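Asks:
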Amino acid sequence: MSIVLPLAEPTRPARTEARRGHDGERLATRLRHQVGRAIADFGMIEEDDKVMVCLSGGKDSYTLLDILLQLQKKAPVKFELVAVNLDQKQPDFPEHVLPAYLESIGVPYKILEQDTYSVVTRVVPEGKTMCSLCSRLRRGALYTYAEEQGFTKIALGHHRDDLVATFFLNLFFHAKLSGMPPKLLSDDGKHVVIRPLAYVREDDIVDYAAIKGFPIIPCNLCGSQENLQRKQVKRMMDAWERETPGRIETISRALGDIRPSQLSDPKLFDFLGLGQAGGVPAADAPVWLDEAPADTNQAQAG
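Residue numbers (my numbering): 256 to 557.
Following this line, the structure appears as structure tokens:
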């Protein structure tokens, strides 16, 4: 009589965990490469910079801080990172989450407290989007702290898809070709704002945040309210990506390859001087558009 012993169950969980770890490291490598390239392309971080990393508790800012910490270890320049969060006094905001996380990874941090929640809910009519006012108040508080503490750069967690979406928002709803630059000087000239995730896909950030298990804090100031125009653009971009994968990446690259002579802005390209004969100044618009008075026309006709 033969006895057939059952085969041992394959250790699928271990293989799955190993595969997940391998995929996570490959993703981390790609993100480091993309962030490092953005920093180099736009001169985002220099020797002895003091960088304020704005941490909201969302997937984007967690990923930003995590990748910057990895790059800091082997960067060609020495720079300081400080995580800064603005506690806007939203109801039920879990105040312990960010301090516990930042202390666990040994990152210097500061939690600012400013009751922008009461201001926004008092000023904005019920049913209207609160994002614009909330953003302005938050930016003002962060800029003020950055100036007080001598930060040389302010790092925000906007990614590639945010930059493309902002371009289309301005194109469709504001009739201008402008977007969200990877690096900018604030209107008052006091702050340099950088967006090191400018080359990073949102889908990669979603995957990375899940792999890392970041303690995500949802924005519930307005019930996760989202600007209607931005939602329209997001749906359009999602549909494009489903139908033609890679289209958003192509558009993103196009934002860095501007040809002023092939657009229509005379402030960016000298169309008036193009092909002029003899150096004679071209007549301006009023000369072309003015019409002779009616009686003069009649006299000439007689």
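C-beta atoms are modelled at their ideal positions from N, C-alpha and C, and glycine is treated no differently. Predicted, not measured: the structure shown is a model, and the values here were computed from it.
Is Ile-360 near Leu-324, with beta carbons less than 9 angstroms apart?
Replies: Taking the sequence shown and counting its residues from 1, the one referred to as residue 360 is at position 105. Taking the sequence shown and counting its residues from 1, the one referred to as residue 324 is at position 69. Between Ile-360 and Leu-324, the gap from beta carbon to beta carbon is short of 9 angstroms.
Asks: Measure the Cβ-Cβ separation of Gly-313 and Gly-395 and say whether it is below 9 angstroms.
Replies: As a working mapping, residue 313 is identified with position 58 in the sequence shown. As a working mapping, residue 395 is identified with position 140 in the sequence shown. Not a contact, by the Cβ cut-off of 9 angstroms.
Asks: Indicate whether Met-586 and Pro-451 have their beta-carbon atoms separated by less than 9 angstroms.
Replies: Given a span of 256 to 557 for the chain in the structure shown, any question on residue 586 remains unanswerable.
Asks: Determine the direct distance from the alpha carbon of Ala-453 to that of Leu-426, and round the result to whole angstroms.
Replies: Numbered from its first residue, the sequence shown carries residue 426 at position 171. Numbered from its first residue, the sequence shown carries residue 453 at position 198. For Leu-426 and Ala-453, the distance between alpha carbons rounds to 19 angstroms.
Asks: May I ask you to verify whether the stretch 342–361 touches the stretch 428–446, counting CB pairs closer than 8 angstroms and requiring at least 3?
Replies: no
Asks: Starting from the C-beta of Lys-431, find all residues in its chain whose C-beta is less than 7 angstroms away, skip the five residues before and the five after it, and write them out in chain order.
Replies: As a first step, residue 431 must be located in the sequence shown, where it is residue number 176. For Lys-431, where only same-chain residues beyond five positions count, the Cβ hits under 7 angstroms are Asn-425.
Asks: Indicate whether Val-419 and Gly-434 have their beta-carbon atoms separated by less than 9 angstroms.
Replies: Translated into positions along the sequence shown, residue 419 becomes position 164. Translated into positions along the sequence shown, residue 434 becomes position 179. Contact flag set, yes.
Asks: If you run the structure through DSSP and keep just helix, strand and coil, what is Asp-539?
Replies: Within the sequence shown, residue 539 is the residue found at index 284, counting from 1. It is coil, neither helix nor strand.
Asks: For Ile-471, is the classification buried or exposed, using 16 other Cβ atoms within 10 angstroms of its Cβ as the cut-off for buried?
Replies: Within the sequence shown, the letter at position 216 stands for residue 471. By the 10 Å Cβ count, Ile-471 comes out exposed.
Asks: For Lys-365, which residues from the same chain have a beta carbon less than 6 angstroms from its beta carbon, with the 5 sequence-adjacent residues on both sides left out?
Replies: Against the sequence shown, residue 365 aligns to sequence position 110. Same-chain partners within the cutoff: Val-339.
Asks: Please list the terminal residues of the continuous beta strand (DSSP E) segment that includes Asp-304.
Replies: Locating residue 304 in the sequence shown gives position 49, where the first residue counts as 1. For Asp-304, the enclosing beta strand (DSSP E) covers residues 304–309.
Asks: How many Å lie between Pro-363 and Pro-354 at the Cα?
Replies: Counted from its first residue, the sequence shown places residue 363 at position 108. Counted from its first residue, the sequence shown places residue 354 at position 99. Pro-363 and Pro-354: Cα-Cα distance of roughly 10 angstroms.
Asks: Using a Cβ-Cβ cut-off of 6 angstroms (strictly less than) and excluding sequence neighbours within five positions of Val-558, which residues of its own chain qualify?
Replies: Missing from the structure shown is residue 558; the chain here goes from 256 to 557 and no further.
Asks: Return helix, strand or coil for Asp-416, following the three-state DSSP convention.
Replies: Within the sequence shown, the letter at position 161 stands for residue 416. Helix.
Asks: What separation, rounded to the nearest whole angstrom, lies between the Cα atoms of Leu-336 and Leu-397?
Replies: As a working note, residue 336 is residue 81 in the sequence shown. As a working note, residue 397 is residue 142 in the sequence shown. C-alpha separation (whole angstroms): 15 angstroms.
Asks: Under 8 angstroms Cβ to Cβ from Leu-282, same chain only, skipping five residues before and after it: list those, please.
Replies: One-based indexing of the sequence shown puts residue 282 at position 27. Cβ within range, chain order: Asp-459, Asp-462, Tyr-463, Ile-466.
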